[in-house]
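Here is the structure we will look at.
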Amino acid sequence: MRGMLFGGCSFTWGQGLYFYSDLKKLPYGTQNYGFNYKEVNESMLKYKNAVRFPRLVSQHFETFEIVRDDVGKLYGNGGSEDETFMYFDYLFNVERKFKYEDFDYIIIQLSNIWRNDFVFELNGIEYRTKIMDLFLYDHIEKDVIFTKELDEYCKLNNYTFEDIKDFLILQQFKRLKQKVIFYQQKGLKVKILNWLNDLSNLINNDDVLKSTNVDLIYDDRTFFTIQDLMEYNKNFEIEYDFKMNRGYLCQDKHPNVECHKVIANSIIENIKKDK
Amino acid sequence: MKGLVFGGCSFTWGQGLYFYSNLPRLKEPEQAYAYHDHLVKKAHVLYKDCIRYPRLVANHFDTYETFKLANGGSEDETFQFLDVLFHKKDNPTFGSHLTLERMDYSEAEYIIVQLSQLWRNKYYFEYDGYRQSSMLWPNSRDIGDNQENLFSWLIDNNLTFEDWVILHKDEQYKRLKKEFEFYESKGIKCRFLAWENDLLNHVFNDEFLKERFIPLEYNGEKFNTIRELQTTHKDMSIDGDHEYFGDKTPADHHPSKKCHELIAKNIINRINKELSK
Chain E
1 MRGMLFGGCS FTWGQGLYFY SDLKKLPYGT QNYGFNYKEV NESMLKYKNA
51 VRFPRLVSQH FETFEIVRDD VGKLYGNGGS EDETFMYFDY LFNVERKFKY
101 EDFDYIIIQL SNIWRNDFVF ELNGIEYRTK IMDLFLYDHI EKDVIFTKEL
151 DEYCKLNNYT FEDIKDFLIL QQFKRLKQKV IFYQQKGLKV KILNWLNDLS
201 NLINNDDVLK STNVDLIYDD RTFFTIQDLM EYNKNFEIEY DFKMNRGYLC
251 QDKHPNVECH KVIANSIIEN IKKDK
Chain R
1001 MKGLVFGGCS FTWGQGLYFY SNLPRLKEPE QAYAYHDHLV KKAHVLYKDC
1051 IRYPRLVANH FDTYETFKLA NGGSEDETFQ FLDVLFHKKD NPTFGSHLTL
1101 ERMDYSEAEY IIVQLSQLWR NKYYFEYDGY RQSSMLWPNS RDIGDNQENL
1151 FSWLIDNNLT FEDWVILHKD EQYKRLKKEF EFYESKGIKC RFLAWENDLL
1201 NHVFNDEFLK ERFIPLEYNG EKFNTIRELQ TTHKDMSIDG DHEYFGDKTP
1251 ADHHPSKKCH ELIAKNIINR INKELSK
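Line by line, the protein sequences give chains E and R. Following the working numbering, the numbering of the first sequence begins with 1 at its first residue and continues without gaps. Following the working numbering, the numbering of the second sequence begins with 1001 at its first residue and continues without gaps.
Take a look at the structure:
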């Protein structure tokens, strides 16, 4: 098999997995959904790279994985679909160290939809803005949320905030489908994983996207989202796992090592069906 | 387990393993040991990383591996790499051809060195008022780096070429032991395997090194060197791996995928044995 390209947020990056290493100076008390890159050294990064689901999947198929990060750069954590597609574009069209034909699969883990920009046009100018500050992560704290232009746009068109939310969901769905078709036309197989269920109805009602969706299989059950899986087995959350099974506090709500294994196995089984 | 640090030459780097991929743009070198950077693309490099023995060992123990960036090498380069890795934290760009990573001693569980060909290492001597080095091979006495001064130095010191061979081996043996003793004193377990048998007499006469040496076992046979294994089992070299490639194999003498798997298995077995004690 050729390479596998992964896109996603901190769930794909493997935030918190370094807590399962035997390394010293682990930042137990300072993480949670936040992330201070200064406290995570290169050995911790390499460890989490070795046990996160992208590595587990690619190693199963004896090939390499590319994820938006590199040891020494530290910029790969977090993200949204805006960043995922920007990264893919950078990889193929700016950096150009890879060609589409170097990969067999693109695996996209959808993050929190509200991390993406809402795009709208006002007086002939295109604007982009976040519309909610929920679930944002550290390095977009300074992003403008709900600009005066968006306010004006809403007043002009008599749109409510709920309308804008619906529009953003629709924009994300359309962009996702457009990107999936684009990569499929380049000869790549695409798989989609959901952290949350923001797009679940739209994906399930669309033949193209539904066929790319990876259900998570655990305990003879099927889960549509990583969130559902982690609610079903609370031990899959790092913080809960450490508190209940190790007896001490580790402030990190990301998927634990076992959860990454379940995600990896689900992707592996899904890919096997392609053959 | 903490990290696993590997040292070695092209055998550990995984030269030629990209021929096992179905990636496009694969080109064979014109000579079986040759390597041309421009023929090997980033995807090829990443592919061979994932099937070479350092990754296989690290995967087995759910941890990560570290190895130098550059292909090829010798023990000179292996110990330079370790020096950069562990001792150049204050100088992040130093030795960037070897690695950009930095580690603390406490972050490494094992250092596993694959000895390359002894004659790739420099021999240092004082001549003509300053310290110089030479690099040459015993079976090609007139070819090498700075051989004229080395030969003059041998004559001045009433030494024969055969004496120099003994001296050079002795230097390499002492350096290996000294480096291992140093890293062991820092809490990192050191182990090694060998491509060639150049140092094995010294190794087997030294308890410290002998107990850190990993021979290769395959189908009930024991091989002290990768050379011996490849000579006995042709499919342990890429160009002999007809089972995978069919009649036309890539022109590359490096260890085959199967050989990497075998080396990994032997290292894993050794570590497992130590962990179970």
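All C-beta atoms in this analysis are idealised placements derived from N, C-alpha and C, irrespective of residue type, glycine included.
- Per DSSP, reduced to three states, the secondary structure at T1099(R) is coil, with no helix or strand assignment.
- Residues of chain R whose Cβ lies closer than 9 Å to the Cβ of R2(E) are, in chain order, S1021, N1022, L1023, P1024, A1043 and Y1047.
- Within 10 angstroms of the beta-carbon of D166(E) lie fewer than 16 other beta-carbons, which makes it exposed.
- Taking 9 Å as the threshold, the shortest C-beta distance from Q59(E) to chain R falls below it.
- When DSSP states are grouped into helix, strand and coil, N1059(R) belongs to the helix group.
- Residue contact check for F6(E) against chain R: no CB pair falls below 9 Å.
- Counting C-beta atoms within 10 angstroms of its own C-beta, A50(E) has 16 or more neighbours from the protein chains shown and is therefore classed as buried.
- Taking 9 Å as the CB threshold, D1062(R) lines the interface with chain E.
- Within the DSSP secondary-structure output, L1136(R) pairs in a beta bridge with G1144(R).
- Comparing alpha-carbon positions, the option among N1022(R), V1040(R), R1025(R) and H1242(R) lying closest to G1014(R) turns out to be V1040(R).
- Looking at the DSSP output, I125(E) sits in a beta bridge with L122(E).
- In this model, D1128(R) and S1152(R) are separated by some 10 Å (Cα to Cα).
- Separation of A1043(R) and E101(E) (C-alpha to C-alpha, rounded to the nearest whole angstrom) is 10 Å.
- The C-beta of I226(E) comes no closer than 9 Å to any C-beta of chain R.
- For the segment 239 to 253 of chain E, the set of residues with a beta-carbon nearer than 8 Å to any beta-carbon of chain R is empty.
- DSSP, reduced to helix, strand and coil, places M4(E) within a strand of the structure shown.
- Between D1239(R) and K1273(R), the alpha-carbon positions lie close to 33 Å from each other.
- For N1071(R), the closest Cβ of chain E is not nearer than 9 Å.
- Proximity of C1259(R) to chain E, defined by a Cβ-Cβ separation below 9 Å, is not satisfied.
- Apart from sequence neighbours up to five positions away, the residues of its chain that approach G1072(R) with a beta-carbon distance below 6 Å are C1009 and S1010, ordered along the chain.
- Within chain R, no residue has its beta carbon less than 8 Å from that of K148(E); the closest one is some 44 Å off.
- The beta carbon of Y1018(R) sits closer than 7 Å to the beta carbons of L1026, V1040, H1044, Y1047 and K1048 from its chain, once the five residues preceding and following it are set aside; these are given in chain order.
- For chain E, none of the residues of the segment 1249 to 1273 of chain R brings a beta carbon within less than 7 Å of one of its beta carbons.
- Taking C-beta atoms under 8 Å as the contact rule, E239(E) and Q227(E) fail to qualify, at a distance of about 15 Å.
- DSSP, reduced to helix, strand and coil, places Q171(E) within a helical segment of the structure shown.
- In this structure, the CA atom of Q1117(R) is about 13 Å from the CA atom of N1139(R).
- One thing to note: G3(E) has its Cβ within 9 Å of the Cβ of E65(E).
- Separation of T222(E) and I263(E) (C-alpha to C-alpha, rounded to the nearest whole angstrom) is 12 Å.
- Excluding residues up to 5 positions away in sequence, Q109 and V214 lie with their Cβ nearer than 6 Å to the Cβ of L193(E) in the same chain.
- Taken atom to atom, the span from the alpha-carbon of T1160(R) to that of R1191(R) is near 34 Å.
- Cβ neighbours of L202(E) within its own chain (closer than 6 Å, five residues either side excluded): F173.
- Secondary structure note for L216(E): its beta strand (DSSP E) is the uninterrupted segment L216 to Y218.
- Taking a Cβ-Cβ threshold of 7 Å, the residues of chain E close to S1106(R) are K24, in chain order.
- Within the DSSP bridge table, the entry for C1190(R) names I1111(R) as partners.
- Assignment of V51(E) by DSSP, reduced to helix, strand and coil, places it in the helix class.
- Taken in chain order, the members of the segment 98 to 116 of chain E whose beta-carbon sits within less than 9 Å of a beta-carbon on chain R are F98, K99, E101, D102, F103 and D104.
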